[in-house]
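A.B. asks:
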Amino acid sequence: MTGNIDHELLSQLENLIAPTNEFSQPNLTALALKLKNLDIISLNLKFFGFELARRLASSLPSCVGSPFKAVGLTSKACIQADIESDWAAHWFGQLQIPRLYHRKLWELAFCLQCLAEHDMLQPGRRGLGFGCGEEPIASYLAAHGVETTITDLPPEDAAASGWRDTYQHLSQASTAFRPHLVDREKFDQNVSIRFVDMNAIPADLLGYDFCWSICALEHLGTIAKGMTFVENSLATLKPGGVAVHTTEFNFLSQDATLDNWPTVLPQRRHFEELAERLRNKGHFVAPLDFDVGVRPLDRFIDIPPYPGDPGGRLELLNGHHECAHLKLSIDGFASTCFGLVIKKAVEGS
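Sequential numbering from 1165 applies to the sequence shown in my numbering.
1. Using DSSP's beta-bridge definition, name the partner residues of Val1458.
2. Using the Cα positions of Leu1180 and Leu1492, report the straight-line distance between them to the nearest angstrom.
3. Which two residues bound the contiguous beta strand (DSSP E) that contains Ala1241?
4. Can you name the start and end residues of the alpha helix (DSSP H) that Glu1215 belongs to?
5. To test your reading of the DSSP string, which unbroken beta strand (DSSP E) runs of 3 or more residues are found completely within the stretch 1377-1432?
6. Are at least three pairs of beta-carbons, each pair with one atom in the stretch 1448-1464 and one in the stretch 1215-1232, less than 8 Å apart?
7. Could you round the C-beta distance between Thr1427 and Glu1412 to whole angstroms and report it? I think they count as a contact, below 8 Å.
8. How about Leu1317 and Thr1400: are their beta carbons less than 8 Å apart?
9. Quick check on DSSP: helix, strand or coil for Ser1356?
10. What residue range is occupied by the uninterrupted beta strand (DSSP E) comprising Glu1116?
11. With distance defined between alpha-carbon atoms, name the residue in Pro1403, Asp1203, Glu1382 nearest to Ser1499.
12. Could you have a look at Leu1174 and say whether DSSP puts it in helix, strand or coil?
13. Give the single residue among Ile1247, Asp1250, Tyr1265, Ile1378 whose Cα lies nearest to the Cα of Glu1298.
14. Does the beta-carbon of Leu1192 have 16 or more other beta-carbons within 10 angstroms, so that it is buried, or is it exposed?
15. Is Ser1338 helix, strand or coil by DSSP?
16. Which value, in whole angstroms, describes the spacing of the CA atoms of Ser1417 and Gln1286?
17. For Thr1339 and Glu1215, I'd like the C-alpha separation in whole angstroms.
18. Here's the rule I'm using: 16 or more other beta-carbon atoms within 10 Å means buried, otherwise exposed. How should Asn1444 be labelled?
19. Taking the CB atoms as reference points, tell me whether Val1510 and Gly1404 lie closer together than 8 Å.
20. Below 8 Å on the Cβ atoms is my contact criterion, and I expect Ser1239 with Asp1373 to pass it. Report the Cβ-Cβ distance as a whole number of Å.
21. Closest by CA to Tyr1470, which one among Arg1463, His1489, Asp1455?
22. By the three-class DSSP mapping on this structure, what secondary structure does Tyr1304 have?
23. Roughly how far, in whole angstroms, is the beta-carbon of Tyr1304 from the beta-carbon of Leu1345, given that I think they are within contact range, below 8 Å?
24. Measuring alpha carbon to alpha carbon, tell me which residue in Asp1250, Arg1267, Cys1275 is nearest Ile1243.
25. CA-CA distance, Glu1271 and Leu1195?
26. State the CB to CB distance for the pair Thr1312 and Phe1294, rounded to an integer number of angstroms; the pair is presumed to be in contact (CB under 8 Å).
27. Tell me the DSSP bridge mates of Lys1491?
28. On the three-state DSSP scale, how would you describe Leu1369?
29. Just to confirm, are His1447 and Leu1398 a CB contact at a threshold of 8 Å?
30. So who's on the other strand from Arg1290, going by DSSP bridges?
31. So Pro1225 packs on Lys1200, CB below 8 Å; how close in whole Å?
32. Tell me, please, which residues DSSP counts as bridged to Cys1501.
33. Can you tell which of Val1355, Asp1423, Phe1502, Ser1356 has its C-alpha closest to the C-alpha of Ala1388?
34. Between the C-alpha atoms of Phe1359 and Asn1208, what's the straight-line distance to the nearest angstrom?
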């Protein structure tokens, strides 16, 4: 009986919100009238946000040849000023990628800047990457003589979770090879791959100078598991080693958030609790900066549809995805990227 009632309610709701009635005439129900322009409004908003980002990016100077500059990065949120900074320009130039207002590019620059500021990009250093997917960091590290272990889910687990279908999975070491950053011989010499469950880091992954992950820990099932992973990742490091992790940050809501889901959204309190726990164990956590910026693209919170939308609405409108966004809505929550910088305690300190 309950199933029949649910089915009937669902059918009634679909009729209430459908754009047309059974005769292909406009649906004049109150709900349909409220909702009928919502998709168009969304596309208008996206267009003007992307257009602003394109115009701002076109006015930025070239990143080619931008020198490295230590700025003392803290644990922080992604903001427009970072994309426009000299320190980020250096890494966009080094990676040979365009300077765009794209939070994923910010993550690459943030990670490398933090590692460089801690003198980790030197020959002979050992680095460990978690959930690496197809990111270019391993190639850049290999080019600088860093012995690098890159990890990702076992292929069968990645297929089950859909990561392989979205090209975010590391199926073999060559997936991370970037010929414009490093030659193949040096890459093969310095890069190895392990299939690792981030919820159960193997005990033999030890003695690394640094470790990193980019937007991976929010996919471990719960917020608590993500925070536990950050703490457990320190076990792979030498005393004084450095961990750099980026993840999602629900920056508008202080109460409700996403948890127990394929993508979870940590909040300020989760980062503060983690930092306190790590500091109590003697580790150094770079100060937490929750400023989400005040410039125009800091206030532009992108909304669906996103690239890959089953309806293909962006593609039909020749939507430009290259500028993407710094902030976005994930299931109705405003999110951006947040980076953590942690230095493992030195024994006896």
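We put the CB at the ideal spot given by N, CA and C, even for glycine.
C.D. replies: On the basis of the data shown:
1. Note: Val1458 sits in no beta bridge, so no partner.
2. 29 Å
3. 1239-1241
4. 1202-1222
5. 1401-1414
6. yes
7. 7 Å
8. no
9. strand
10. Look at the range of the chain in this structure, 1165 to 1513, and you will see that residue 1116 is not part of it.
11. Glu1382
12. helix
13. Ile1378
14. exposed
15. helix
16. 41 Å
17. 32 Å
18. exposed
19. yes
20. Rounded, the Cβ-Cβ distance is 19 Å, inconsistent with contact.
21. His1489
22. helix
23. 5 Å
24. Arg1267
25. 41 Å
26. No, Thr1312 and Phe1294 are not in contact; Cβ-Cβ is about 12 Å, not under 8 Å.
27. Ile1465
28. coil
29. yes
30. Glu1311
31. Not a contact, Cβ separation roughly 45 Å.
32. Glu1412
33. Asp1423
34. 42 Å
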